[in-house]
Amino acid sequence: MTTKKELLSAQIQHIDIKQHNVVSLVDAMASMAFTSRDTARAASIYDMMLRDTECGVILCLAGSMVSSGMQKLFVDLIRNNMVDAIVSTGANIVDQDFFEALGYRHYIASDAYKYGEHDGMLREMKIDRIYDTFIDEDELRVCDDVMAQITDSLETRPYSSREFIREMGAYLVKNGRTPAQGNNDSVILAAYEKGVPIFCPAFSDCSAGFGFVAHQHARQGKPMVSIDTAKDFYELTKLKLENPTTGLLMVGGGVPKNFAQDIVVAAEILLGDDAEVSMHKYAIQITVADSRDGALSGSTLKEASSWGKVDTLYEQMVYSEATLALPLIAGYAYHKNAYAERTSKAWNEVLDRAAVAV
Numbered sequence: 001m002t003t004k005k006e007l008l009s010a011q012i013q014h015i016d017i018k019q020h021n022v023v024s025l026v027d028a029m030a031s032m033a034f035t036s037r038d039t040a041r042a043a044s045i046y047d048m049m050l051r052d053t054e055c056g057v058i059l060c061l062a063g064s065m066v067s068s069g070m071q072k073l074f075v076d077l078i079r080n081n082m083v084d085a086i087v088s089t090g091a092n093i094v095d096q097d098f099f100e101a102l103g104y105r106h107y108i109a110s111d112a113y114k115y116g117e118h119d120g121m122l123r124e125m126k127i128d129r130i131y132d133t134f135i136d137e138d139e140l141r142v143c144d145d146v147m148a149q150i151t152d153s154l155e156t157r158p159y160s161s162r163e164f165i166r167e168m169g170a171y172l173v174k175n176g177r178t179p180a181q182g183n184n185d186s187v188i189l190a191a192y193e194k195g196v197p198i199f200c201p202a203f204s205d206c207s208a209g210f211g212f213v214a215h216q217h218a219r220q221g222k223p224m225v226s227i228d229t230a231k232d233f234y235e236l237t238k239l240k241l242e243n244p245t246t247g248l249l250m251v252g253g254g255v256p257k258n259f260a261q262d263i264v265v266a267a268e269i270l271l272g273d274d275a276e277v278s279m280h281k282y283a284i285q286i287t288v289a290d291s292r293d294g295a296l297s298g299s300t301l302k303e304a305s306s307w308g309k310v311d312t313l314y315e316q317m318v319y320s321e322a323t324l325a326l327p328l329i330a331g332y333a334y335h336k337n338a339y340a341e342r343t344s345k346a347w348n349e350v351l352d353r354a355a356v357a358v
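Residue numbering for the sequence shown follows the UniProt record's numbering, starting at 1 and increasing by one per position.
Now the structure itself:
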């Protein structure tokens, strides 16, 4: 019988876009057809988005992107000023990125396991499966416990997810989880150091939620830490007001996609009916979802334009699995040095100053 140690032996390796110059490949794809041409156009739009130094770039993440080997790609985007804010599912940020920042890893599941025939055995071994990836459940419980520790350490008040995730970055620094201290880099750490805000609009839907449950259960009838999702929305909307020209790089759909698109409408509401708020000037969405069932993940960017959210001049849908398309799109912009003239917008500081002013 295969042991747990044997199953958790081959680590997922995070792709390094710096090591693979894909410019000539993507340029060649521009003269092909179907998804190749769409991917090449998306890469050119991302390149254009970055060269527009007035543009605030918002990265939206749904699905299991960090566990699939994309963590380093996101870190490189942050550290090279190719992303100004992130809107994500909690799983990517907590269960996957913070989990790895604590020293744990995701593992490759062989073909024999990725279709579910052995999930009962995996449950007995305390191995969790994300399609063709394994996680050690015992290690994930440690992540849950650390989230509870961070929650318990904070002043008891409502927080935006951005404020809480910044505290997670501070925890990594305080507890020696940085590359300078011999550990891997992480999305949370890079964002903390670069002043890039991370929003998780459904923050309780991950290990953070277990931490909040434990904290609030222990403090029944007493002041407690909570997450204010309206504050999340308000903070991201304030960034749109502060920086009218914006672009979206969206991986998947769901809550992160809608949350980031809706800030255009929210800004109009705050400014009044006669206000003219710029739609997102640039938008790219990578998805495998189908628009015909009405699901948000597959709704097109042109559809978003009908709601006044996304301009249609520089938008591109890419119907592809993200681990194929995103390294090409991001790698193209990186090796074209599209970010060369960009500086950090330090939006965390902008939001903190706004809070003090209020």
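By construction, the Cβ of each residue, glycine as well, lies at the ideal position given by its N, Cα and C atoms. All figures in this text were calculated on a predicted structure; none of them were measured in a lab.
For residue j and residue i, believed in contact at Cβ under 8 Å, the rounded distance
i, j, result
"ILE284", "LEU328", "Rounded, the Cβ-Cβ distance is 12 Å, inconsistent with contact."
"ALA230", "ARG79", "About 31 Å; that fails the 8 Å criterion."
"ILE188", "PHE98", "6 Å"
"SER160", "LEU172", "At roughly 19 Å, the Cβ-Cβ gap does not stay under 8 Å, so SER160 and LEU172 are not in contact."
"ALA333", "ILE286", "Between ILE286 and ALA333 the Cβ distance is about 14 Å, and since that is not below 8 Å, they are no contact."
"ILE108", "ALA85", "Going by Cβ atoms, the distance from ILE108 to ALA85 rounds to 32 Å, so no, they are not a contact pair."
"ALA62", "GLY252", "3 Å"
"ARG166", "ASN348", "6 Å"
Alpha carbon of residue i to alpha carbon of residue j, nearest angstrom
i, j, result
"MET48", "ASN337", "11 Å"
"GLU242", "GLU124", "51 Å"
"ALA170", "ASP228", "20 Å"
"GLU54", "TYR115", "46 Å"
"ASP52", "LEU7", "47 Å"
"CYS60", "GLY195", "17 Å"
"PHE203", "ALA148", "14 Å"
"residue 360", "ASP145", "The question about residue 360 has no answer here: the residues shown for the chain are numbered 1 through 358."
"residue 374", "ARG353", "Shown here, the chain extends from 1 to 358; a query on residue 374 therefore has no answer."
"TYR112", "SER68", "Rather than Tyr, the amino acid found at residue 112 in this sequence is Ala. Going from the Cα of ALA112 to the Cα of SER68 covers about 18 Å."
"MET29", "PRO256", "29 Å"
"MET168", "ILE150", "7 Å"
"GLU155", "PHE164", "11 Å"
"LEU25", "LEU351", "40 Å"
"ARG177", "SER31", "45 Å"
"ASP38", "GLN316", "7 Å"
"GLY120", "THR312", "48 Å"
"ALA289", "LEU326", "16 Å"
"PHE34", "SER320", "11 Å"
"HIS118", "LYS5", "16 Å"
"ILE15", "ARG219", "42 Å"
"ASN175", "LEU324", "35 Å"
"LYS222", "GLY211", "17 Å"
"MET1", "GLN181", "38 Å"
Selected residue, minimal CA-CA separation from residue i, among the options
i, options, result
"GLY254", "GLN149, ALA40, ILE58 and VAL87", "VAL87"
"VAL310", "VAL265, ALA289, GLN220 and ALA340", "VAL265"
"SER291", "VAL318, PHE203 and ARG177", "VAL318"
"ILE12", "ALA28, LYS72 and MET29", "LYS72"
"GLY56", "VAL83, SER67 and ILE45", "VAL83"
"LYS238", "ARG219, ALA40 and LEU270", "LEU270"
"ASP27", "ILE15, ALA40, PHE34 and ALA33", "ALA40"
"THR343", "LEU77, ALA355 and GLU235", "LEU77"
"HIS280", "THR245, SER299, ALA289 and ASP273", "THR245"
"VAL75", "GLY182, TYR192, ALA43 and THR89", "TYR192"
"SER9", "LYS174, MET1, SER110 and THR300", "SER110"
"LEU236", "ALA355, ASP205 and GLN181", "ALA355"
"THR3", "MET70, PHE210, LYS126 and ALA42", "LYS126"
"ALA42", "MET1, GLN181, GLY247 and VAL213", "GLY247"
Cβ-based neighbour list, residue i, same chain, cut-off 6 Å, excluding 5 preceding and 5 following
i, result
"ASP128", "ILE135 and GLU137"
"SER226", "PRO158"
"ARG105", "GLN11"
"ASP259", "First, the amino acid is wrong: residue 259 is Phe here, not Asp. Cβ neighbours of PHE259 beyond the five flanking positions: VAL87 and PRO201."
"HIS335", "ASN21 and VAL23"
"TYR339", "LEU50, ASN80, ASN81 and MET82"
"VAL66", "ASN92, GLN96 and ASP97"
"TYR314", "ILE45 and TYR282"
"ASP232", "SER160, SER161, PHE199 and PRO201"
"GLY277", "Reading the sequence as shown, one finds Val at residue 277 and not Gly. For VAL277, where only same-chain residues beyond five positions count, the Cβ hits under 6 Å are VAL264, ALA267 and GLU268."
"PRO179", "ASP185"
Neighbourhood of residue i by C-beta, 7 Å cutoff - its chain only, sequence neighbours within 5 removed
i, result
"GLY331", "ILE17, HIS20 and VAL22"
"HIS215", "ALA148, THR151, ASP152, MET224 and VAL225"
Cutoff 8 Å; reference residue i; Cβ partners in own chain excluding five residues on either side
i, result
"SER64", "ALA91, ASN92, GLN96, ILE130, TYR131 and THR133"
"CYS143", "VAL94, ASP95, PHE98, PHE99, LEU102, TYR104 and SER207"
"THR89", "LEU61, ALA62, GLY63, CYS200, ALA202, ASP205, CYS206, GLY254, VAL255 and PRO256"
Note down, one range per segment and in chain order, each beta strand (DSSP E) of at least 3 residues found wholly within the stretch 98-177.
127-130 and 133-136
Enumerate, from N- to C-terminal direction, the unbroken alpha helix (DSSP H) stretches of 4 or more residues contained entirely within the stretch 248-282.
You should have 254-271.
Unbroken alpha helix (DSSP H) runs of length 4 or more, entirely within the stretch 220-249: which are they?
If only uninterrupted alpha helix (DSSP H) runs of at least 4 residues are considered, those enclosed by the stretch 220-249 are 229-242.
Whole alpha helix (DSSP H) runs in the stretch 51-77 with 4 or more residues, listed along the chain?
none
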